[in-house]
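Protein sequence lines correspond, in order, to chains Z and X. Numbered according to our numbering, the first sequence spans residues 38 to 825. Numbered according to our numbering, the second sequence spans residues 3 to 155. Scroll down for the structure; my scribbles are underneath it.
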Amino acid sequence: MAASPVLPKLVGQRVKRREDPRLIQGLGTYVDDIKIVDMQHVAFKRSDVAHGRIRSLDTSAAESMPGVKAVLSGAQIAEFVGPMPIGTPFPSPDHHAVAVDAVRYVGEAVAVVVATDRYVARDAADAIVVDYEVLPAVVDVEQAMTGQPAQVHADFENNLAVALVPSGTGVSADLKTIDDSAIDKAFADAEVVVSQRMLNQRLAPTAMEPRGVVAHYEPGKDTMTIWSSTQNPHILRSFIAAMNGMGQDQVRAIAPEVGGGFGAKINIYAEEYVVAGLSKRFGLPLKWTEDRSEAFLATTHGRDILGYIDIAATRDGKVLGMKLRLIADIGAYNMLLTAAIPTLTMMMANATYDIPAIRTTLTEVFTNKTPTDAYRGAGRPEATYFVERGMDMLARELGMDPAELRRKNFIQPDQFPYATQMGAVYDSGDYGKALDRALENASWDELKQQRDAAQAEGRLVGLGLAMYVEVCGLGPSSSLPTGGWEHSQVTVERDGRISATTGASPHGQGNETTFGQMLADQFGVPLEHITIHHGDTGVVKQGIGTFGSRSQAVGGTAIHLAGAKVKEKMAKYAAALIEANEDDLVFEDGRISVKGAPDSGKTFAEIAAYAYVPVPLPEGLTPGLSEEAFFEPANNTYPFGCHIALMEIDRETGEPTLLRLVAVDDAGNLINPLIVEGQVHGGLAQGIGQAMIEEVRYGEDGQPLTGSFMDYAVPRASDLPRFEMDSTVTPTPVNPLGAKGVGEAGTLGSTPCVVSAAVDALSQFGVTHIDMMLRPEKLWQIIHGGQS
Amino acid sequence: MAQVSITVNGEQRSADVDPRMLLVHFLREQLNLTGTHVGCDTSQCGACTVLVDGRSAKSCTIFAVQAHGSEVTTIEGLADGDQLHPLQNGFWEEHGLQCGYCTPGMIMSAVNLLKDNPSPTEREIREGLDGNLCRCTGYQHIVNAVQHAADKG
Ligand code: FES
Ligand code: FES
Chain Z
38 MAASPVLPKL VGQRVKRRED PRLIQGLGTY VDDIKIVDMQ HVAFKRSDVA
88 HGRIRSLDTS AAESMPGVKA VLSGAQIAEF VGPMPIGTPF PSPDHHAVAV
138 DAVRYVGEAV AVVVATDRYV ARDAADAIVV DYEVLPAVVD VEQAMTGQPA
188 QVHADFENNL AVALVPSGTG VSADLKTIDD SAIDKAFADA EVVVSQRMLN
238 QRLAPTAMEP RGVVAHYEPG KDTMTIWSST QNPHILRSFI AAMNGMGQDQ
288 VRAIAPEVGG GFGAKINIYA EEYVVAGLSK RFGLPLKWTE DRSEAFLATT
338 HGRDILGYID IAATRDGKVL GMKLRLIADI GAYNMLLTAA IPTLTMMMAN
388 ATYDIPAIRT TLTEVFTNKT PTDAYRGAGR PEATYFVERG MDMLARELGM
438 DPAELRRKNF IQPDQFPYAT QMGAVYDSGD YGKALDRALE NASWDELKQQ
488 RDAAQAEGRL VGLGLAMYVE VCGLGPSSSL PTGGWEHSQV TVERDGRISA
538 TTGASPHGQG NETTFGQMLA DQFGVPLEHI TIHHGDTGVV KQGIGTFGSR
588 SQAVGGTAIH LAGAKVKEKM AKYAAALIEA NEDDLVFEDG RISVKGAPDS
638 GKTFAEIAAY AYVPVPLPEG LTPGLSEEAF FEPANNTYPF GCHIALMEID
688 RETGEPTLLR LVAVDDAGNL INPLIVEGQV HGGLAQGIGQ AMIEEVRYGE
738 DGQPLTGSFM DYAVPRASDL PRFEMDSTVT PTPVNPLGAK GVGEAGTLGS
788 TPCVVSAAVD ALSQFGVTHI DMMLRPEKLW QIIHGGQS
Chain X
3 MAQVSITVNG EQRSADVDPR MLLVHFLREQ LNLTGTHVGC DTSQCGACTV
53 LVDGRSAKSC TIFAVQAHGS EVTTIEGLAD GDQLHPLQNG FWEEHGLQCG
103 YCTPGMIMSA VNLLKDNPSP TEREIREGLD GNLCRCTGYQ HIVNAVQHAA
153 DKG
C-alpha cells in the first residue's frame with residue numbers, strides 16, 4: 038500500500054487564497070460580465086434637484102429613439118413595484134423605487150429606460166425632460182430639527198425620523214422609566230468635565246465595483262433569477278419574491294464575484310426591485326450597471342452623525358460618568374438598516390471602560406441627501422471616535438498620559454462576561470494586554486521623547502492613541518430582523534471530495550480559503566479536495582449574509598457544526614467497514630483508521646463510496662454523507678484592540694503626513710493570519726481615509742459637491758504608511774471556534790488615533806479638538822490664524 | 003460605424019464599431035474579455051488598465067477606433083500559457099487582492115512600473131500605483147506583491 042502524504046494542519050496558517058487564481062487571470066465573473074441572449078439594458082433618469090415636486094415629465098424624445106423599448110415614469114413603475122420595505126421597526130415614510138410626485142435628494146430616480154444597448158439607454162435617459170417646482174433643500178441637520186427650511190416628509194414633523202430615544206444607566210429597556218439620579222450624581226461629584234461637539238462626517242463607501250443587477254424572469258417556468266452585486270443574496274431573494282408576488286421557491290438570487298461591499302451592498306435597492314419587476318413584466322432578461330457618478334448619489338452613504346459628549350472625572354483620572362447626545366443625519370429615506378445603525382453607536386458607548394453611569398440619547402433626522410446605511414463598522418466607529426476623542430481631551434485636560442488614563446478605567450479581565458451600562462454583555466477581553474503590546478511595538482516612551490524633541494525644533498509632530506471594542510458576529514435572532522444565524526450543508530461526495538455551502542456570501546473575505554482550511558483539518562483531507570459553494574440561493578439552501586464581521590464567527594461555526602455531523606456519521610460507516618470502534622478512529626492524511634495504527638484503516642474515498650452503496654447497511658444508518666446545520670450564537674462577539682498614530686504637519690502648508698500606524702488587534706482565534714492582516718489593512722486605510730481625506734459634502738442647495746473621484750478622495754497607495762501589525766488572542770466563549778471577527782476592526786481605532794495625533798501636533802496653538810477631515814487648509818488656519 | 007482592427011493578446015481582432023465605443027467596452031462587450039473592469043467614469047480608478055503597444059493605458063479613456071492598428075494586452079493575455087506572470091504570482095503569494103475588482107488593472111499598471119524600474123523602492127511602488135484605486139487591501143500587500151515580483155522577475 039502506498040504511504041499517504043502527511044497533511045499539515047491548516048487552521049492558524051498563512052494559507053494563500055484559493056480564490057486568487059481566477060481573479061489574477063481575469064477569469065472571475067462579476068455581474069456586469071454576465072450576458073444572456075436577448076438581454077436588454079436599463080438606465081435611470083435621476084433628479085438633479087435636491088428637493089422638489091415633479092411638475093411634468095416629457096419622455097417623448099426618449100421614446101422615439103431607435104433601440105428604445107420602453108420609458109416608464111415613477112407612477113407607471115409604482116403599478117407593479119410597491120413602496121420599498123425596510124428592515125427596522127421604526128416608522129418610515131413611503132419610499133417609491135422611482136419618485137412619483139416629489140424628489141428628495143439629488144440622484145433619486147425619476148424615470149426608467151429599457152433599450153437594446155447601454156449607450157442607447159443612457160442617451161434616452163438624458164433625453165427625458167423633467168420640470169420641477171424646486172423647494173428649499175434641507176441640508177443642515179440641526180436646522181432641520183426645527184422644521185427649517187422645509188419638511189422633507191409631510192408626516193414627519195421637524196424632520197424627525199426617530200425622535201429622542203434615551204439609553205443607558207437608569208433607562209429601562211422598555212423606555213418607560215428613566216432615573217437620572219446616577220448620571221446626575223456622576224456629574225455632581227466630578228472634579229473635571231470635558232465637553233465637545235464632534236462631527237463624524239458623511240462618507241461614500243465606494244466599493245471599487247459599482248452596483249449592478251441582471252434579472253431574468255422566465256415566463257414558461259414562472260421563475261426569476263436575479264444576479265446582483267450584493268452582500269446577502271438570501272435577503273435579496275426574500276424581498277424580491279415578496280415584491281413580485283412570488284414564492285421564495287420561485288426566485289433564485291445569485292451574488293457572483295462581488296467587488297467589495299463595505300456595508301453599502303446590504304441594502305435592497307430600488308434598482309434591484311425595478312429591474313426584477315420589469316423583467317417579470319416584459320419576460321426579458323435585463324441588466325443595469327451603475328456608473329461611478331451614479332454610485333456617489335444612489336448608493337447609500339455612511340456615518341454622518343453629530344455627537345455631543347461630556348465626560349465627568351476625578352482629578353486623578355477616574356471616569357465617573359459620560360453623556361453622549363447623538364444626532365444622525367440619515368438623508369432622505371429610511372433604507373434597510375438605516376435607523377438601526379446609530380443605535381449601535383449608543384450600544385457601544387461604554388467602549389473599553391468601566392464607567393459607572395452613562396446616558397446617551399439619539400435623534401435621527403431626515404434631510405435632502407442620499408440616504409445613509411451601514412458603512413464598514415456601522416455605528417461602532419462612531420462610538421469609538423466620540424469616546425476616544427473624549428478620553429484624549431480628558432487626558433490633555435488632566436495632563437495625564439493618554440495610555441495611563443485608559444488603563445485606569447479599563448474593564449478588567451476578571452470582570453468578563455461584563456454587562457455594560459448600555460445593555461451589551463461583552464464576551465471576553467484583556468484590554469491592558471492589547472494596550473501594552475501596542476505601547477511596546479510603538480516604543481511609546483521613546484516616541485514621546487522624539488515628539489518632544491521634534492516639537493522643540495519647531496516641527497509639528499503629534500502622537501495619538503485609541504482603544505476600541507466592537508460588536509461583531511451578529512446574532513442571535515433577537516438582535517437581527519432577518520434572523521441572526523447562519524447555515525451550512527457539508528457533503529462528502531461519493532468520490533471522497535467535499536462540497537460545503539455557506540450562507541455567508543463573501544465579497545473579498547476569502548471564505549473559500551478559511552472555510553476550506555477548517556474542513557481540511559476536520560476531515561484530514563487535502564484542501565484541494567474541498568469546494569465551498571456560496572452566493573447562490575439555488576445551491577445554498579439558507580443563509581443571512583456577510584456583514585457585521587460575522588462570516589467566520591457565525592458562518593464558520595455553521596460549517597464546523599455541519600462538518601462534525603457528517604464526520605460522526607462517516608465514522609460509523611468506517612467503523613463498520615474496518616470493524617473497529619468508532620470512538621477509536623482518527624481522520625488523518627486522507628485515511629480513516631484506528632488511532633496509532635494508520636495501516637488499519639481505509640482511504641477517505643473508500644469509506645465515502647461505501648456510504649453511498651451501503652451493502653450491507655450498518656444498523657441504524659441511512660445512506661449518504663450530507664448534513665446541514667444552523668448556528669445561532671447566544672451572544673455577539675466583542676473584538677478589541679489598540680491603534681497608535683504618529684503624525685507630522687507641515688507648518689508652511691498645513692499638510693498632514695501620517696508617519697506611523699501601529700495596530701494591535703484581538704479578534705480571538707485566527708483561522709488564517711494572512712487574511713486577517715489583509716482585512717485589518719483595508720479597514721485601517723478606510724479609517725485613516727475618514728480621518729484625513731474623505732468627506733461627502735453638499736452645497737446649501739443640496740447639490741452634492743463630491744460626485745466623483747476628482748472630489749471625493751479615496752486613499753491611494755502613496756497616502757498611507759506601512760502599517761505595523763500585531764495581534765493578541767483572547768478567544769470568545771460564544772462559539773466553538775473561539776473566533777470573534779475582524780472585518781471592520783481597522784476602521785475603529787485608526788480614525789480617532791489619527792485625529793488625536795493631529796490635535797497633539799497642534800496643541801501648542803491651543804486647539805483641543807479638530808473636526809474631520811484633516812484638510813490642510815483647516816490645519817493651516819489653526820497654525821497661522823489661531824484656533825479653528 | 004467604423005472598422006477597427008486591433009491585435010489583442012496576440013490575436014488580430016476586427017469589428018465594426020460605433021465610433022464612440024470605448025476601448026474597454028470593445029474588449030468587454032465585443033470580445034468578451036471581461037477581466038478588464040470599469041470602476042469609474044472620470045478616468046481615475048485604473049480598474050480598466052491594459053497595455054497598449056507595451057505601455058499601460060486606461061482603456062476607458064481611449065476609443066476603440068484610436069487603438070486601431072495597436073497591440074493590446076489584457077489581463078487574460080498576461081500569463082505565458084500555464085505559467086503565471088511574475089506579478090500574478092506575486093499578487094497570489096502576498097495576498098495582494100481581496101475582492102479582485104481592482105486587481106487586473108493594478109497588475110497591468112505594475113507591469114509597466116517594473117518595466118520602467120525593475121527594482122523600485124517601496125515609495126516608488128506606492129507612487130507608481132497612484133493611478134489605481136483599491137478599496138479593499140490598504141495597498142500594503144499590493145506593495146509586497148510588486149516587491150515579490152521584482153525580486154523574482
Ligand atoms: S474605469 Fe476608472 S480609470 Fe478607467
Ligand atoms: S481588491 Fe477589492 S478593490 Fe482592490
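Positions of the beta carbon are idealized from the N, C-alpha and C atoms, including for glycine.
Rounded to the nearest whole angstrom, the C-alpha separation of residue 430 of chain Z and residue 440 of chain Z is 12 Å. The DSSP-derived three-state label of residue 168 of chain Z is strand. In this structure, the alpha-carbon of residue 498 of chain Z lies about 6 Å from that of residue 684 of chain Z. Rounded to the nearest whole angstrom, the C-alpha separation of residue 269 of chain Z and residue 822 of chain Z is 50 Å. Proximity of the beta carbon of residue 136 of chain X to ligand 2 is indicated: a heavy atom of the ligand is located closer than 7 Å.
In chain order, the residues with a C-beta atom nearer than 6 Å to some heavy atom of ligand 1 are X:40, X:41, X:42, X:45, X:46, X:47, X:48, X:49, X:50, X:60, X:62. Assignment of residue 635 of chain Z by DSSP, reduced to helix, strand and coil, places it in the strand class.
Taken through DSSP and simplified to helix, strand or coil, residue 522 of chain Z comes out as coil. In chain Z, no part has a C-beta under 8 Å from the C-beta of residue 150 of chain X; the shortest such distance is about 12 Å.
Considering only beta carbons, the part of the segment 112-142 of chain X lying closer than 9 Å to chain Z consists of 124, 125, 127, 128, 129, 130, 131, 132, 133, 134, 135, 136, 137, 138, 139, 140, 141, 142, in chain order. Remark: C-beta atoms of residue 768 of chain Z and residue 775 of chain Z approach each other more closely than 8 Å. Residues of the segment 74-106 of chain X whose Cβ lies closer than 8 Å to any Cβ of chain Z, in chain order: 76, 77, 78, 80, 81, 86, 90, 93, 94, 95, 97, 99, 100, 101, 102, 103, 104, 105, 106. Within chain Z, not a single residue places a beta-carbon under 7 Å from that of residue 71 of chain X; the smallest gap is close to 24 Å. Residue environment analysis places residue 119 of chain X among the exposed positions, since fewer than 16 neighbouring C-beta atoms fall within 10 angstroms of its C-beta.
Rounded to whole angstroms, the separation of the alpha carbons of residue 465 of chain Z and residue 706 of chain Z is 12 Å.
Relative to the non-hydrogen atoms of ligand 2, the Cβ of residue 63 of chain Z never comes closer than 7 Å to any of them.
Between residue 539 of chain Z and residue 596 of chain Z, the gap from beta carbon to beta carbon is short of 8 Å. Relative to ligand 2, the beta carbon of residue 139 of chain X is positioned inside 7 Å of a heavy atom. DSSP places residue 205 of chain Z in the strand class (E or B) of the three-state scheme. For residue 169 of chain Z, the CB contacts under 8 Å within the same chain, skipping 5 residues up- and downstream, are 84, 86, 89, 90, 91, 92, 140 in chain order.
At a C-beta separation below 9 Å, residue 47 of chain X has these neighbours in chain Z: 245, 329, 746, 751.
Using a C-beta cut-off of 8 Å, the segment 353-373 of chain Z makes no contact with the segment 315-330 of chain Z, since fewer than three inter-stretch Cβ pairs fall below that distance. Any Cβ of chain Z closer than 8 Å to the Cβ of residue 145 of chain X would place that residue at the interface, and such an atom is present. According to the DSSP assignment, residue 47 of chain Z belongs to no beta strand (DSSP E), since it is labelled neither H nor E. Under the three-state reduction of DSSP, residue 105 of chain X is assigned to helix.
No heavy atom of ligand 2 is found nearer than 7 Å to the CB of residue 110 of chain X. Beta-carbon to beta-carbon, residue 758 of chain Z and residue 730 of chain Z are separated by about 14 Å, too far to satisfy the 8 Å threshold.
In this structure, residue 100 of chain X has its CB closer than 7 Å to one or more heavy atoms of ligand 2. Secondary structure note for residue 784 of chain Z: its alpha helix (DSSP H) is the uninterrupted segment 783-799.
Where residue 81 of chain Z is concerned, the enclosing beta strand (DSSP E) starts and stops at 77-83.
Bounds of the beta strand (DSSP E) holding residue 667 of chain Z are 663-668. The three-state secondary structure of residue 692 of chain Z, taken from DSSP, is coil. Cβ-Cβ distances below 8 Å link residue 781 of chain Z to 413, 414, 415, 417, 418, 507, 509, 585, 586, 720 in the same chain, with the five nearest sequence neighbours on each side left out; the list follows chain order. Taking a Cβ-Cβ cut-off of 7 Å, the neighbours of residue 544 of chain Z in chain X comprise 101, given in sequence order. Here residue 622 of chain Z is buried, its C-beta having at least 16 other C-beta atoms within 10 Å. A straight line joining the alpha-carbon of residue 600 of chain Z with that of residue 155 of chain Z spans about 45 Å.
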